[in-house]
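**Q** Counted the way our numbering counts, the sequence shown spans residues 2 to 314.
Supplied in structure tokens, the structure appears directly below.
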Amino acid sequence: MGRFNLEHVYESQQFDLELLDIIFNVADEMKKDLSAGQRHYSQALKDKIMASLFYEPSTRTRFSFESAMARLGGSILTTENAKEFSSAAKGETLYDSTRVMCGYADLIVMRHNEPGSAKRASEASSVPVINAGDGSGQHPTQALLDLYTIKDCFPTVDGLSIAMVGDLKYGRTVRSLSYLLTKYDNITIYFVSPSVCRMDDDLKDYLTTNNVEWQEEGSLEKVLPLVDCVYMTRIQKERFNDLEDYQRASGKYILGLDQVKLMKEKSIIMHPLPRVDEISREVDEDPRAKYFEQAENGIYIRMALLFLLLGND
Ligand code: CP
């Protein structure tokens, strides 16, 4: 196995193919260990403490990180809502909170509303900081579990075509996954979004520079027969300043059974979740629907990251 040399995880551009391989191999090991009930790693982090500092709501990321730490035998410091119940509510800066928290924990998992916040926190921290989503910035651990899911469904990632659908302007998961996909050859991305939430130019320029083909397409039905993976996302009401823009964007792209019929037999449907109405409930029974497996993969990926960041000594 190569060397895992990251101190912090704040953006997808930190990963190269070698690091991805290391993480996915350890995630495979964790999955095998849990599935077989062997629990070889149940005490791997027994003296370690993880602080989960979530300034924004979360179900999957927070609980899967906390579950991952518990499954590795570590302890957890947490608060229901760091924005309200930490001293951020009294005006404490992120810098001060981070400086203090690294005295209490061996690793900090942070979700924050401001893009770039996790990187700033990492600069103030003497312990590893993991970005669990920074506003409309990035969500690198989601991208890792997304890619892990894709790798599980196809013989190779090279040559795949992916449609990213929905809120591409504020969607941190599509940004982070796009960065990771540049590590592979002959990738094509179709961006399908309402006009008020198109993918920003900086990401499109990055893809072009890194030899990923991309195009914007208004019709979901036109793209569905072409792609190997449809990555649906929620229109994030909480990120819109203008309610009319939100209303213009919502409900425009819905994947129901009629749409799924247009997809290739061997294609897959992904979603970082939570969903609102963009994938109909009936689609869940289609074998191409992978979003619940995707969410489950979060536990293996996050166990792998915690183990690699904390367990190497
Ligand atoms: N996918 C994801 O980040 O979900 P949560 O917001 O529930 O953590």
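No residue lacks a Cβ here, since even glycine has one placed at the ideal position from N, Cα and C.
All values derive from a computational prediction rather than experimental measurement.
On the DSSP bridge assignment, give the partners of Q260 in chain order.
**A** Taking the first residue of the sequence shown as position 1, residue 260 is located at position 259. BP columns for Q260 are empty, so no partner.
**Q** Could you check whether A133 and M111 sit closer than 7 angstroms to each other, using their CB atoms as the reference points?
**A** For this step, residue 111 is matched to residue 110 along the sequence shown. For this step, residue 133 is matched to residue 132 along the sequence shown. Against a cut-off of 7 angstroms, the Cβ pair of A133 and M111 comes out as a contact.
**Q** Just to confirm the assignment: which complete beta strand (DSSP E) runs, minimum length 3, are found wholly within the stretch 80-157?
**A** 108-113 and 130-135
**Q** Should D168 be labelled buried (16 or more other beta-carbon atoms within 10 Å of its own) or exposed?
**A** Stepping through the sequence shown from its first residue, residue 168 is reached at position 167. D168 is buried by the Cβ-count criterion.
**Q** List in chain order the residues whose CB is within less than 7 angstroms of at least one heavy atom of ligand 1.
**A** P58, S59, T60, R61, T62, R63, G134, H140, Q143, T174, P273, L274 and P275
**Q** Answer yes or no: do P195 and H9 have a C-beta to C-beta separation smaller than 7 angstroms?
**A** Numbered from 1 along the sequence shown, position 194 holds the residue referred to as residue 195. Numbered from 1 along the sequence shown, position 8 holds the residue referred to as residue 9. No, they are not a contact pair.
**Q** Entirely within the stretch 207-240 and at least 4 residues each: give me those alpha helix (DSSP H) ranges in chain order.
**A** 221-224
**Q** Which residues does DSSP pair with A52 in a beta bridge?
**A** Here the question's residue 52 lines up with position 51 in the sequence shown. Answer is L78 and I109, bridged to A52.
**Q** Is T174 helix, strand or coil when you go by DSSP?
**A** In the sequence shown, the residue the question calls residue 174 occupies position 173. Here T174 sits in helix by DSSP.
**Q** Between the Cα of K33 and the Cα atoms of L311, R4, L309 and N298, which residue gives the shortest distance?
**A** Here the question's residue 33 lines up with position 32 in the sequence shown. Of the candidates L311, R4, L309 and N298, the one whose C-alpha sits nearest the C-alpha of K33 is N298.
**Q** From what residue to what residue does the beta strand (DSSP E) around T189 run?
**A** Working through the sequence shown from its first residue, we reach residue 189 at position 188. Counting along the chain, the beta strand (DSSP E) containing T189 begins and ends at T189 to V193.
**Q** Which residue marks the beginning of the beta strand (DSSP E) containing I163, and which one marks its end?
**A** For this step, residue 163 is matched to residue 162 along the sequence shown. That run of the beta strand (DSSP E) goes S162 to V166.
**Q** Cutting at 7 angstroms between CB atoms, please list the residues of its own chain near K205, excluding the five before and the five after it.
**A** The residue given as residue 205 occupies position 204 in the sequence shown. So the list reads W215, once near-sequence residues are dropped.
**Q** Can you give the Cα-Cα distance for R121 and I188, rounded to whole angstroms?
**A** To locate residue 121, count along the sequence shown from 1; it is residue 120. To locate residue 188, count along the sequence shown from 1; it is residue 187. Answer to the nearest angstrom: the Cα atoms are 32 angstroms apart.
**Q** Counting only the same chain and skipping the five closest in sequence on each side, list residues whose C-beta sits under 6 angstroms from that of A250.
**A** As a working mapping, residue 250 is identified with position 249 in the sequence shown. Here the set comprises P195, V197, C198 and I236.
**Q** Going along the chain, which unbroken runs of the alpha helix (DSSP H) with 4 or more residues stay wholly within the stretch 17-62?
**A** 18-36
**Q** On the DSSP bridge list, what partners appear for V277?
**A** Locating residue 277 in the sequence shown gives position 276, counting from the first residue. The partner list for V277 (beta bridge, DSSP) is empty, contrary to what the question assumes.
**Q** Counting along the chain, where does the alpha helix (DSSP H) carrying M304 start and finish?
**A** For the purposes of this step, residue 304 is taken as residue 303 along the sequence shown, with counting starting at 1. Segment Y292 to L311, the alpha helix (DSSP H) holding M304.
**Q** Comparing C-alpha positions only, which one of L309, E222, I131 and Y301 sits nearest to D29?
**A** The count along the sequence shown starts at 1 and reaches residue 29 at position 28. That would be Y301, whose Cα lies nearest to the Cα of D29.
**Q** Which of the three DSSP states is assigned to M271 in this structure?
**A** Residue mapping note: residue 271 aligns to position 270 of the sequence shown, counting from 1. Reduced to three states, the DSSP call for M271 is strand.
**Q** In the DSSP assignment, find the alpha helix (DSSP H) that holds D287 and state where it starts and stops.
**A** Within the sequence shown, residue 287 is the residue found at index 286, counting from 1. No alpha helix (DSSP H) contains D287, which DSSP labels as neither H nor E.
**Q** Take every Cβ of the stretch 8-28, pair it with every Cβ of the stretch 66-81, and state whether three or more of those distances are shorter than 8 angstroms.
**A** no
**Q** Roughly how far, in whole angstroms, is the beta-carbon of F55 from the beta-carbon of A83, given that I think they are within contact range, below 8 angstroms?
**A** Counting from one through the sequence shown, the residue named residue 55 turns up at place 54. Counting from one through the sequence shown, the residue named residue 83 turns up at place 82. Sure, about 6 angstroms apart at Cβ, within 8 angstroms.
**Q** Expressed to the nearest angstrom, what Euclidean distance is found between the alpha-carbon atoms of E266 and R289?
**A** The sequence position of residue 266 within the sequence shown is 265, counting from 1. The sequence position of residue 289 within the sequence shown is 288, counting from 1. Going from the Cα of E266 to the Cα of R289 covers about 8 angstroms.
**Q** For P58 and G3, I'd like the C-alpha separation in whole angstroms.
**A** For the purposes of this step, residue 58 is identified with residue 57 of the sequence shown, where counting begins at 1. For the purposes of this step, residue 3 is identified with residue 2 of the sequence shown, where counting begins at 1. Cα to Cα, the separation comes out at about 35 angstroms.
**Q** Since C230 and I163 should fall inside the 8 angstroms C-beta cutoff, what is the C-beta to C-beta distance between them, to a whole number of angstroms?
**A** Position 229 of the sequence shown, counting from 1, holds the residue named residue 230. Position 162 of the sequence shown, counting from 1, holds the residue named residue 163. 5 angstroms between Cβ atoms; contact.
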